[in-house]
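Residue numbers (our numbering): 1 to 308.
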């Protein structure tokens with residue numbers, strides 16, 4: 001482990017909050033393959049009613065779930081990790097790991113197995129680039145979770161529902177230039193991505209250490225978070241088309257939630273997905289692309305209801 005990883009892990013561990021009825025958050029690392037070690041956050045509870053696994057999006061890290069983990073940790077065991085290419089998880093070269101949704105699906109499987117999570121008592125809450133991977137996994141393993149809650153992502157190949165930048169990343173002829181622009185605008189993305197599309201009275205501030213965690217974890221070695229995002233999109237269309245073609249095999253209980261004011265991926269995407277899959281769909285009024293940060297209490301209620 002690098003000195004930077006050790007210092008960040010130590011700082012995070014030192015700042016964790018002791019919870020009523022649960023252990024403090026544990027920040028550490030877990031090796032899931034020869035090429036991938038994940039930084040993770042775990043809240044253990046000796047009387048847990050079940051387990052929650054959070055899967056973050058771009059440009060986030062596992063710290064996006066900290067407030068929710070503290071709340072839910074009073075009743076459940078809670079897990080979150082940095083995706084490969086994000087935060088302080090491994091960043092193998094693209095010839096060793098593809099960074100596509102299909103590859104991330106195997107990361108989810110390996111993590112659940114390595115952590116020894118009881119799938120029959122597991123609720124997965126996933127957003128943005130984190131949402132398609134567990135759904136792909138569920139096609140092969142319907143019993144992967146008690147329920148999956150997903151939102152604000154692109155399950156189908158529908159560029160018309162996506163923002164201009166995401167469309168340009170999806171198109172082969174503009175993808176490389178878009179990757180360069182994303183890396184060059186790292187500071188602006190971390191500072192403003194969470195506020196765009198929201199009125200002044202709806203905007204929210206992130207904890208400074210979460211901001212710094214995203215910035216510090218943007219580039220590790222030769223792979224940046226922007227590069228990982230680019231590689232995700234290289235095979236995104238392939239994986240979307242595979243998922244839609246096999247949608248009839250999706251048997252895992254599922255709920256779809258969406259921020260009403262999401263400017264990155266229009267709620268029409270969620271409406272179509274819910275209609276085609278026959279799953280319940282909830283629009284979250286006045287919320288944007290990151291409802292778990294804008295209104296964490298709402299996300300907490302959705303998760304608690306999934307266990308009932």
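Glycine included, every Cβ here is placed at the ideal spot set by N, Cα and C.
This one's a predicted model, so the numbers in the text were calculated from it and none came from an experiment.
Can you give me the C-alpha to C-alpha distance between residue i and residue j, rounded to a whole angstrom?
i: residue 41; j: residue 35; result: 20 Å
i: residue 107; j: residue 32; result: 8 Å
i: residue 240; j: residue 156; result: 5 Å
i: residue 21; j: residue 123; result: Its pLDDT being 44, under 50, residue 21 is placed unreliably in this model, and the value from its coordinates should be taken loosely. Each residue's alpha carbon lies about 20 Å from the other.
i: residue 130; j: residue 56; result: 5 Å
i: residue 161; j: residue 229; result: 18 Å
i: residue 280; j: residue 153; result: 16 Å
i: residue 235; j: residue 102; result: 9 Å
i: residue 213; j: residue 65; result: 13 Å
i: residue 307; j: residue 180; result: 43 Å
i: residue 194; j: residue 295; result: 12 Å
i: residue 205; j: residue 211; result: 10 Å
i: residue 78; j: residue 53; result: 6 Å
i: residue 149; j: residue 137; result: 14 Å
i: residue 117; j: residue 250; result: 21 Å
i: residue 165; j: residue 47; result: 45 Å
i: residue 30; j: residue 215; result: 22 Å
i: residue 140; j: residue 200; result: 44 Å
i: residue 173; j: residue 284; result: 35 Å
i: residue 264; j: residue 125; result: 19 Å
Nearest to residue i by CA position, among the options, is which residue?
i: residue 60; options: 86, 241, 187 and 302; result: 86
i: residue 257; options: 298, 219 and 251; result: 298
i: residue 290; options: 218, 243 and 128; result: 128
i: residue 178; options: 231, 219 and 190; result: 231
i: residue 248; options: 63, 48 and 274; result: 274
i: residue 287; options: 151, 104 and 113; result: 151
i: residue 198; options: 167, 265, 293 and 261; result: 261
For residue i, which beta-bridge partners are listed by DSSP?
i: residue 162; result: 265
i: residue 288; result: According to DSSP, which records beta bridges pairwise, residue 288 is partnered with nothing at all.
i: residue 111; result: BP columns for residue 111 are empty, so no partner.
i: residue 26; result: 42
i: residue 148; result: 124 and 254
i: residue 259; result: 284
Below 7 Å CB to CB, which residues in the same chain sit around residue i once its five sequence neighbours on both sides are set aside?
i: residue 121; result: 50, 51 and 146
i: residue 110; result: 32 and 33
i: residue 237; result: 157 and 170
i: residue 252; result: 138, 142, 144, 145 and 148
i: residue 72; result: 52, 78, 300 and 303
i: residue 90; result: 35, 36, 37 and 84
i: residue 218; result: 186, 224 and 225
i: residue 268; result: 161
i: residue 104; result: 83 and 133
i: residue 202; result: 286
i: residue 76; result: 45, 48, 49, 50, 51 and 52
i: residue 259; result: 152, 284, 287, 288, 289 and 291
Which residues in the same chain as residue i place their Cβ atom closer than 6 Å to its Cβ, once the five residues preceding and following it in sequence are excluded?
i: residue 183; result: 224 and 226
i: residue 26; result: 42
i: residue 83; result: none
i: residue 244; result: 156
i: residue 3; result: Model confidence at residue 3 stands at a pLDDT of 43, short of 50, so the residue's coordinates are unreliable and nothing is read from them.
i: residue 135; result: none
Leaving out five residues before and five after residue i in sequence, what residues of the same chain have Cβ atoms less than 8 Å from its Cβ?
i: residue 221; result: 91
Exercise. Quick one: complete alpha helix (DSSP H) runs, 4+ long, within the region 192 to 229?
Worked result: 208 to 216
Within the region 29 to 104, ranges of the alpha helix (DSSP H) (whole runs, at least 4 residues): 66 to 72
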